[in-house]
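Enquirer: Protein chains in written order, with our numbering: chain A, 724 to 1173; chain B, 161 to 577.
Note that the Cβ used here is the ideal one computed from N, Cα and C, for glycine as well.
Computed from a prediction, not measured in an experiment: that's the story for all the values here.
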């Protein structure tokens, strides 16, 4: 029985599941908050409340207000600190406060009192320059996590508001809530883990069910376009190059591998082998840069699979040369390995020429392991597009992904990584299946075992 | 048609050339800060003597009786320079005349410098940048390669040695592990996230790492002890076989399906930064994504050797597993490890060149980053040629040595690749 194929087939769903976890986790590992970034027009100093409301709205729109995964583990005291605050720094400060005091109610009251005090900045009757002066106190208040310092800041805010003739209630409430933040009796709640089950109301569930049920990879954070749609045109360009490169690699690899073994040791073979070894050592970035210097391209390539122009040749060569040499060398080595076997000598002794014996008898043997190698080529080509498209400024999938990643649009990145992983798994499965279907040894063993 | 045997001397020459290149690279990496720099070894200025290269940040006031080496009151650059011992080559920080041809020289700040490879369009000395890149790339290959070997050998040896049935744990042990590992995650990971951030900001990660390790060890030991005391019925004492081998194979399959370059790129953008911590994060990420080849080889070798009769004999003599592995399995398994390690080094270098070409966080100093400047500038052909040639030669050297080692291990020194 063909163990590798069936075990791979059986394990493919599990590997896929892990792959979705990894890509989703990477998609959530954002440096910036996309919701805050899309509220960039609002200044948190002069209109804190409007900024907070905008962020909450955007979070809901992007589905980022939900818990990340089905299940979460956090301290007992923590009931969702991220929902309280608009920006990562003040979230961090609030989380530190909560970690110290362990009292969710106190931290919640503190944050609410601070928001109330901040909202006073938006009052229409504020004296000129007062908003900036209050923000100089309110800003460190939102960043600090030391209860003693917070109490001091609250005191000075009260003094300032009293001098300016502003309502004193918000600052008094801030003072009162700061006093409650001193680590107290419920500190133990920070040290007890609490497992919470969120069920289907989680970001991962929405993402994965969208993919499984509707083939929908989510929406881009930048412009709310569906990820699948925005990937379509770039994908066609990448597919155009990588499919052509795959076909050419297979054809050249077969031809060069066979001819190299047929005329092994001849001058042409030695030159070809050395050339391929040299080619394998040329990093893709250098090869592509040299090609670009030799033949400058504009980078405007058509998105049609069969729409080829002269300026598409250098990128194609850059795509091509990594896989071709590898395949040719592997086939040549496998063929030469076969020629050392006794049955090959028998075939020669029966009167077949070297070429005939190689083509008819050694080739089918050598091709089987070779087919298994080809499974990894296509996914490697697609992931290599990140580099090659960057060099030739081709607006393909790799370029699109790099662009999106630079703009923190992680939904597109996760979609690309997932597609690439799917291609890898599919490639290996197809190669394994071909191996299984073509190898009579495996087939007969399987039939007799069944 | 039998192959004519190739002359052995030529192959040896090739391998020698490759070794020579690697040694040149290592020398350049080690000596780069000494032979190429913007600071003089010794400067006579304003009546004092400075050693700026060795004490770059020294600003101590002069105290009576202090030796000249510690004499560095003001910045020496502000004083009239009388004499200076300069390194033979310029450094990477200063900018000189733009786009100078190779071999030309220019004058800057009382120093005449020779530009062995010329300068680029921004006026940086190309040879200095190459030497600095050699240092960064060598460090990348050594560190990431070392990590790969460490992880790969440990995982492969464990899986190959234990297989699916040789390692077993009592049911209460499994229960203790299943309880302790999430607890370690919570107490040593989640709860200490602020301590981690503070340690990162203060660049003092070692105590924090020690605390985490100690905490995890204590939790594991405590859970094991509790399980041993509380779960005493025979059902709990029955042993469960650990499918280590199958687990490793699944992990390797998953790693095969991961788009390595894409994930590294994304990790750099999501968590990387353009400083040292970003660089080491990328090294760790590269290692975590590329240990599969080493693990696969070590697993296969260990399994093959474990089947051999002499291991059976050694086992019959009652050797403990650690001694069996160290004295009888590992010496035979490590021969082919060298081959894989050398090819892995070539792979890391290629990966690094791609990442530093893309200028992702932390990897912006390698040889590949020099190529970025050359993109689309036909006039600056030198900037495109030399760094690429350096990467290419290094990869070729690794591949040549790897091929030679493989042929030697297979017992056919003269056979072509």
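Going by DSSP, which residues form a beta bridge with residue 204 (chain B)?
Expert: Looking at the DSSP assignment, residue 204 (chain B) forms a beta bridge with B:209, B:243.
Enquirer: Residues of the region 542 to 569 of chain B in Cβ contact with chain A at a cutoff of 7 Å, in chain order, please.
Expert: Listed in sequence order: 544, 548, 551, 552, 555, 556, 559.
Enquirer: If distances are taken between C-alpha atoms only, which option among B:456, B:312, B:562, B:326 comes closest to residue 402 (chain B)?
Expert: If we check each option's Cα against that of residue 402 (chain B), B:326 comes out closest.
Enquirer: So with CB distances below 8 Å, who are the chain B contacts of residue 1106 (chain A)?
Expert: Result: 419, 420, 421, 422.
Enquirer: Please classify residue 561 (chain B) as buried or exposed, where buried requires at least 16 other C-beta atoms within 10 Å of its C-beta.
Expert: Buried, by the Cβ-count rule.
Enquirer: Give a yes or no on contact between the region 261 to 271 of chain B and the region 479 to 496 of chain B, applying the rule of three or more CB pairs nearer than 8 Å.
Expert: No, they do not touch.
Enquirer: Applying the 10 Å Cβ sphere with the 16-neighbour rule, what's the burial state of residue 446 (chain B)?
Expert: Classification for residue 446 (chain B): buried.
Enquirer: Return the CA-CA distance between residue 829 (chain A) and residue 814 (chain A), expressed in angstroms with no decimal places.
Expert: Whole-angstrom Cα-Cα distance: 15 Å.
Enquirer: Can you tell me the Cα-Cα spacing of residue 951 (chain A) and residue 803 (chain A), whole angstroms?
Expert: Going by the C-alpha atoms only, they are around 31 Å apart.
Enquirer: Compare the C-beta of residue 513 (chain B) against all C-beta atoms of chain A and say whether one is closer than 8 Å.
Expert: True, the Cβ-Cβ gap to chain A drops below 8 Å.
Enquirer: Can you tell which of A:870, A:877, A:1096, A:884 has the C-alpha that lies nearest to the C-alpha of residue 669 (chain A)?
Expert: This structure does not reach residue 669 (chain A), given that chain A is present from 724 up to 1173, and the question cannot be answered.
Enquirer: Could you list which residues in chain B have their beta carbon closer than 7 Å to that of residue 734 (chain A), in chain order?
Expert: By Cβ distance, chain B contributes 410, 413.
Enquirer: Skipping 5 residues on each side, what residues in its chain have a beta carbon closer than 7 Å to that of residue 575 (chain B)?
Expert: For residue 575 (chain B), the predicted model reports a pLDDT of 44, less than 50, meaning its position is unreliable; a value from the coordinates is still stated below. Once the five neighbours on either side are set aside, the close Cβ partners of residue 575 (chain B) are 567.
Enquirer: Anything in chain A within Cβ reach of residue 528 (chain B), meaning under 9 Å, just list it in chain order.
Expert: Ordered by position in chain A, the residues that pass the 9 Å Cβ test against residue 528 (chain B) are 1006, 1008, 1009.
Enquirer: For the beta strand (DSSP E) that contains residue 762 (chain A), what are its first and last residues?
Expert: Element bounds for residue 762 (chain A): n/a, residue is neither H nor E.
Enquirer: Anything in chain A within Cβ reach of residue 404 (chain B), meaning under 9 Å, just list it in chain order.
Expert: Neighbours of residue 404 (chain B) on chain A: none; closest Cβ ~16 Å, over 9 Å.
Enquirer: On the three-state DSSP scale, how would you describe residue 1148 (chain A)?
Expert: In the structure shown, residue 1148 (chain A) sits in a helix (DSSP, three-state: H, G or I).
Enquirer: Under 7 Å Cβ-Cβ, which residues of chain A neighbour residue 426 (chain B)?
Expert: Within chain A, the residues near residue 426 (chain B) are 749, 1128, 1136, 1140.
Enquirer: Which residues of the region 810 to 826 of chain A have a Cβ closer than 9 Å to any Cβ of chain B? Give them in chain order.
Expert: If the cut-off is 9 Å between Cβ atoms, the region 810 to 826 of chain A has 815, 818, 819, 822 near chain B.
Enquirer: Please list, in chain order, all residues of the same chain as residue 197 (chain B) whose beta carbon is under 7 Å from its beta carbon, the five residues on each side excluded.
Expert: Cβ within range, chain order: 213, 247, 251.
Enquirer: Strictly under 8 Å for the Cβ-Cβ distance: is residue 354 (chain B) near chain A by that measure?
Expert: Taking Cβ atoms only, chain A reaches closer than 8 Å to residue 354 (chain B), which makes this a yes.
Enquirer: Give a yes or no on whether the minimum CB-CB distance between residue 1050 (chain A) and chain B is below 8 Å.
Expert: Output row for residue 1050 (chain A): interface = no.
Enquirer: Within its chain, find whatever has a CB closer than 6 Å to the CB of residue 1018 (chain A); leave out the 5 residues flanking it on each side and keep chain order.
Expert: Counting only Cβ-Cβ distances below 6 Å, and skipping sequence neighbours, we find 1037.
Enquirer: Against residue 796 (chain A), what residues of chain B qualify as contacts under a CB-to-CB distance less than 9 Å, listed in chain order?
Expert: Under the 9 Å cutoff, chain B gives 342, 345, 346, 350.
Enquirer: Taking contact to mean 3 or more Cβ pairs, one atom from each stretch, closer than 8 Å, check whether the region 1068 to 1083 of chain A and the region 1135 to 1149 of chain A are in contact.
Expert: In short, these stretches do not touch, since the Cβ pair count stays below three.
Enquirer: If we require 4 or more residues per run, which alpha helix (DSSP H) segments fall completely within the region 1006 to 1067 of chain A?
Expert: As far as the region 1006 to 1067 of chain A is concerned, its whole alpha helix (DSSP H) runs of at least 4 residues are 1007 to 1017, 1036 to 1062.
Enquirer: Answer with buried or exposed for residue 224 (chain B), where buried requires no fewer than 16 other C-beta atoms within 10 angstroms of its C-beta.
Expert: For residue 224 (chain B), the pLDDT reaches just 48, beneath the cut-off of 50, and the residue's location in the model is therefore unreliable, although a value from the coordinates is still provided. That one is exposed.
Enquirer: Can you name the residues that DSSP bridges to residue 920 (chain A)?
Expert: DSSP, once it has assigned bridges, lists A:794 as partnering residue 920 (chain A).
Enquirer: Considering only the beta carbon of each residue, do residue 422 (chain B) and residue 462 (chain B) sit closer than 8 Å?
Expert: Going by C-beta atoms, residue 422 (chain B) is not nearer than 8 Å to residue 462 (chain B).
Enquirer: So with Cβ pairs under 8 Å, would you call residue 576 (chain B) a contact of chain A?
Expert: Any reading at residue 576 (chain B) must be qualified, since the residue scores a pLDDT of 44, below 50, and its modelled position is unreliable; no value is offered.
Enquirer: DSSP state of residue 1116 (chain A), grouped into three classes?
Expert: Looking at residue 1116 (chain A) - three-state DSSP - the assignment turns out to be coil, as it is neither helix nor strand.
Enquirer: Since residue 949 (chain A) sits in a beta bridge, which residues does DSSP pair it with?
Expert: In DSSP, residue 949 (chain A) forms a bridge with A:942.
Enquirer: What residue range is occupied by the uninterrupted alpha helix (DSSP H) comprising residue 541 (chain B)?
Expert: Element bounds for residue 541 (chain B): 541 to 570.
Enquirer: Since residue 176 (chain B) meets chain A, which of its residues come closer than 8 Å, beta carbon to beta carbon?
Expert: Those do not exist, as residue 176 (chain B) stays about 17 Å from chain A at its closest Cβ, beyond 8 Å.
Enquirer: Which residues in chain B have a C-beta closer than 9 Å to the C-beta of residue 1124 (chain A)? List them in chain order.
Expert: Going along chain B in sequence order, the residues near residue 1124 (chain A) (Cβ under 9 Å) are 422, 425, 426.
Enquirer: Please report the straight-line C-alpha distance between residue 426 (chain B) and residue 930 (chain A), rounded to a whole angstrom.
Expert: Approximately 19 Å, taken between the alpha carbons.
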